[in-house]
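In the numbering used here, the protein residues as written are 386 to 639.
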């Protein structure tokens, strides 16, 4: 097969999403953020919402999300993304509005904003990246760190008597009256990536159809924070994270 035949549209198997910039990503090798960025870009493009999407960028590893996705962005203070998203959506109800937050941002300093925005039924989507650790700031224990899991601030492992239990934000969100769709997915394999993309699409469509608030948790790895190779991180996630944070839809009003 010649080069010209390979690049014909009918032979195209995969291409880079048009909404993704050419900037080199700052994420560590094996990080889940890049995959999720790609899925968001693909869904926005497929929905034809390129010029009507506003992403709310947080503090943490994903603080530079605006460098990679060519949509409108608004920066938010640490943990306040759902509050900012609420304002944007109420001012521009025809916009697709989503936040992109890590577990420290969403489940610690932003716990109140997250719960109340979801409970109000704001027509937004919250993308929640849960790698059970503070990745950017030194690998500290997060609200989602597993019992016994080591971090820079609990080097002997999370101790329930000292630190309490991990916080299951997605289970909490599923109990709130305002939520329309609450799901937990992952992106460590091709089948998982396809399910995650479908979940993001459903959440975005719900927010545009005025069905209420949506939360898509992505159980993720942090190779640097966990001090493992990307391959070992995926295996550790499957063996330890998934039993405590089981994948699947937790709530779907449809």
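Glycine residues also receive a C-beta, built at the ideal position from the N, C-alpha and C atoms.
Closest Cα partner of residue i within the set the options
i: residue 576; options: 607, 609, 617, 632; result: 632
i: residue 636; options: 620, 622, 602, 552; result: 602
i: residue 411; options: 516, 496, 521; result: 521
i: residue 445; options: 559, 425, 485; result: 485
i: residue 618; options: 597, 506, 605; result: 605
i: residue 552; options: 476, 489, 597; result: 489
i: residue 634; options: 626, 460, 600, 621; result: 600
i: residue 510; options: 461, 467, 447, 463; result: 467
i: residue 474; options: 569, 572, 506, 448; result: 506
i: residue 356; options: 464, 639, 431; result: Nothing can be reported for residue 356: it is not among the residues displayed for the chain, which extend from 386 to 639.
i: residue 487; options: 433, 479, 517; result: 517
i: residue 422; options: 612, 451, 399; result: 451
i: residue 611; options: 629, 526, 627; result: 526
i: residue 408; options: 495, 454, 417, 425; result: 454
i: residue 495; options: 584, 554, 438, 630; result: 554
i: residue 400; options: 424, 502, 624; result: 424
Between the CA atoms of residue j and residue i - distance to the nearest angstrom
i: residue 574; j: residue 564; result: 28 Å
i: residue 532; j: residue 540; result: 12 Å
i: residue 472; j: residue 396; result: 44 Å
i: residue 561; j: residue 504; result: 5 Å
i: residue 427; j: residue 548; result: 39 Å
i: residue 329; j: residue 457; result: Only positions 386 to 639 of the chain appear in this structure, which leaves residue 329 out of reach.
i: residue 448; j: residue 405; result: 16 Å
i: residue 435; j: residue 443; result: 20 Å
i: residue 572; j: residue 500; result: 25 Å
i: residue 596; j: residue 589; result: 10 Å
i: residue 591; j: residue 469; result: 19 Å
i: residue 429; j: residue 581; result: 14 Å
i: residue 542; j: residue 414; result: 25 Å
i: residue 545; j: residue 622; result: 20 Å
i: residue 570; j: residue 419; result: 15 Å
i: residue 550; j: residue 529; result: 8 Å
i: residue 629; j: residue 493; result: 19 Å
Residue i (DSSP reduced to helix, strand or coil)
i: residue 612; result: coil
i: residue 568; result: strand
i: residue 557; result: helix
i: residue 508; result: coil
i: residue 619; result: helix
i: residue 534; result: coil
i: residue 605; result: coil
i: residue 582; result: helix
i: residue 410; result: coil
i: residue 515; result: strand
Exposed unless 16 or more other CB atoms sit within 10 angstroms - verdict on residue i
i: residue 579; result: exposed
i: residue 403; result: exposed
i: residue 614; result: exposed
i: residue 498; result: buried
i: residue 481; result: buried
i: residue 523; result: exposed
i: residue 478; result: exposed
i: residue 558; result: buried
i: residue 519; result: buried
i: residue 594; result: exposed
i: residue 537; result: exposed
i: residue 461; result: buried
i: residue 515; result: buried
i: residue 433; result: exposed
message: List, from N- to C-terminal side, the beta strand (DSSP E) runs of 3 residues or more that fit wholly inside the stretch 419 to 506.
response: Note on the stretch 419 to 506: whole beta strand (DSSP E) runs with a minimum of 3 residues are 438 to 442, 457 to 460, 481 to 487, in chain order.
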